[in-house]
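**Q** Counting in numbering that gives the first Met the number 0, the sequence shown runs from 0 upward without gaps. C-beta: ideal position from N, C-alpha, C; glycine also.
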Amino acid sequence: MSETRELSAEIAQCQACSLAITRLKVVPGEGREDADILFIGEAPGWHENQQGRPFVGPAGQLLDDLLVSIGLNRSEVYIANVIKCRPPNNRDPLPAEIEACAHFLDRQITIIQPRMIVTLGRYSMGKFFPGESISRIHGVARARGGVLLFPMYHPAAALHQPSLRKILETDMAKIPSLLTKLTDVGKTEEKEDITQLTLF
Ligand code: URA
Numbered sequence: 000m001s002e003t004r005e006l007s008a009e010i011a012q013c014q015a016c017s018l019a020i021t022r023l024k025v026v027p028g029e030g031r032e033d034a035d036i037l038f039i040g041e042a043p044g045w046h047e048n049q050q051g052r053p054f055v056g057p058a059g060q061l062l063d064d065l066l067v068s069i070g071l072n073r074s075e076v077y078i079a080n081v082i083k084c085r086p087p088n089n090r091d092p093l094p095a096e097i098e099a100c101a102h103f104l105d106r107q108i109t110i111i112q113p114r115m116i117v118t119l120g121r122y123s124m125g126k127f128f129p130g131e132s133i134s135r136i137h138g139v140a141r142a143r144g145g146v147l148l149f150p151m152y153h154p155a156a157a158l159h160q161p162s163l164r165k166i167l168e169t170d171m172a173k174i175p176s177l178l179t180k181l182t183d184v185g186k187t188e189e190k191e192d193i194t195q196l197t198l199f
C-alpha cells in the first residue's frame, strides 16, 4: 500500500474528537502521492461525508472546473482538508478539532512533499498565515521551506458570491507559470520541514 493510502486507513480509524461520533465517512483526501500541487480545503461537507471523498459536491465541481481551466484534473494533484470529518450542519471547524487533526495534514505534507500548496479558504490559509486576511493575500505566492504557498478563496464562497468566481479563475490561472518558476524551490534533499515551519 502507498504511504498516503496507509495514512488514509489510519485517519479512517480516528476517534480523537467528537466529530468521530457524528460523521458518516472520514474524508482523508485523495490524489497523486507525488503530486506537485496539494490543495487544502476546510472540512468535508454533506456530499463528502456521504462518499468519503474530498470536494465531490458543488464546490468540488467548481474546483474541478478550475483545475481543467489550467489543464489539470484531480488525479494529477492531491486534495485534502484541514479537518477530515464533517462538522454537524457544516458549521465552522472548532480550534480543538483543527488541533486534533493537524498532525494528519502535516503527515500528508511530509509524504507528498508538494512543490506548491494551494490553500482554499481561510481555515487552510490560517494554518500557514495565521492572522492574515484572505481578501488581502489571495493570489499572492510566498515561498517557505522550499514550498510555494498560494492562498485562494474557497470555491464554496464563489457559489454564494458570484463575483468571487472571476477572482478564483484569475488566481488559478497564475498557478502554471508559478510552477514553471519553481525549479529553485523544488524537491531537494535539504528541503526544510514545512510542517515544522507552520507551527507558529
Ligand atoms: N469544502 C471543503 O472545504 N472541503 C471539501 O472536501 C468539500 C467542501
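(1) Which residues neighbour ligand 1 when neighbourhood means a C-beta less than 7 angstroms away from any of its non-hydrogen atoms? List them by chain order.
(2) Going by DSSP, what residue range makes up the beta strand (DSSP E) through Arg143?
(3) Taking the straight line between their C-alpha atoms, what separation do you get for Thr118 and Ala11?
(4) Thinking C-alpha only, which one of Lys165, Arg52, Val25, Ser123 is nearest Asp105?
(5) Answer yes or no: do Ile116 and Leu6 have a C-beta to C-beta separation smaller than 9 angstroms?
(6) So the beta strand (DSSP E) Pro129 belongs to, where does it begin and stop?
(7) Quick one: Cα of Phe103 to Cα of Val81, how far?
(8) Say whether the segment 68 to 80 touches the segment 13 to 24, bearing in mind that this needs 3 or more beta-carbon pairs closer than 8 angstroms, one atom from each stretch.
(9) How would you label Met0, buried or exposed, when you count the other beta carbons within 10 angstroms and need 16 or more for buried?
(10) Thinking Gln107 and Thr3 are a contact (beta carbons under 8 angstroms), I'd like their distance in whole angstroms, please.
(11) In angstroms, rounded to a whole number, what distance separates the CA positions of Glu131 and Gly144?
(12) Kindly provide the ranges of any alpha helix (DSSP H) runs that are 4 or more residues long and lie completely inside the segment 68 to 130, ordered along the chain.
(13) Starting from the C-beta of Gly30, find all residues in its chain whose C-beta is less than 6 angstroms away, skip the five residues before and the five after it, and write them out in chain order.
(14) Going residue by residue through the segment 11 to 64, where are the continuous beta strand (DSSP E) segments of at least 3 residues, counting only ones entirely within it?
(15) Got a sec? Which residues, its chain only, sit under 6 angstroms from Lys180 by beta carbon, not counting five neighbours each side?
**A** Concretely, from the data shown:
(1) Val26, Gly40, Glu41, Ala42, Pro43, Gly44, Glu47, Pro53, Phe54, Gly56, Ala58, Gly59, Asn80, Leu119, Gly120, His153, Ala155
(2) Along the sequence shown, read from residue 1 onward, the residue named residue 143 stands at position 144. Its beta strand (DSSP E) spans residues 141 to 143.
(3) Counting from one through the sequence shown, the residue named residue 118 turns up at place 119. Counting from one through the sequence shown, the residue named residue 11 turns up at place 12. Those two C-alpha atoms are separated by around 23 angstroms.
(4) By 1-based counting over the sequence shown, the position of residue 105 is 106. Cα-wise, what sits closest to Asp105 is Ser123.
(5) Locating residue 116 in the sequence shown gives position 117, where the first residue counts as 1. Locating residue 6 in the sequence shown gives position 7, where the first residue counts as 1. Cβ atoms of Ile116 and Leu6: not closer than 9 angstroms.
(6) The sequence position of residue 129 within the sequence shown is 130, counting from 1. It is not in any beta strand (DSSP E) - Pro129 carries neither H nor E in the DSSP assignment.
(7) Working through the sequence shown from its first residue, we reach residue 103 at position 104. Working through the sequence shown from its first residue, we reach residue 81 at position 82. For Phe103 and Val81, the distance between alpha carbons rounds to 9 angstroms.
(8) The segment 68 to 80, when compared against the segment 13 to 24, does not touch it at the 8 angstroms Cβ threshold.
(9) Residue numbering aside, residue 0 sits at position 1 when the sequence shown is read from its first letter. Met0 sits exposed, since fewer than 16 C-beta atoms from the chains shown fall within 10 Å of its C-beta.
(10) One-based indexing of the sequence shown puts residue 107 at position 108. One-based indexing of the sequence shown puts residue 3 at position 4. Rounded, the Cβ-Cβ distance is 7 angstroms, consistent with contact.
(11) In the sequence shown, the residue the question calls residue 131 occupies position 132. In the sequence shown, the residue the question calls residue 144 occupies position 145. Glu131 and Gly144: Cα-Cα distance of roughly 19 angstroms.
(12) Correct list: 94 to 111, 121 to 127.
(13) As a working note, residue 30 is residue 31 in the sequence shown. Correct list, in chain order: Val76, Tyr77, Ile78.
(14) 36 to 40
(15) Walking along the sequence shown from the start, residue 180 turns up at place 181. Excluding residues up to 5 positions away in sequence, nothing lies with its Cβ nearer than 6 angstroms to the Cβ of Lys180 in the same chain.
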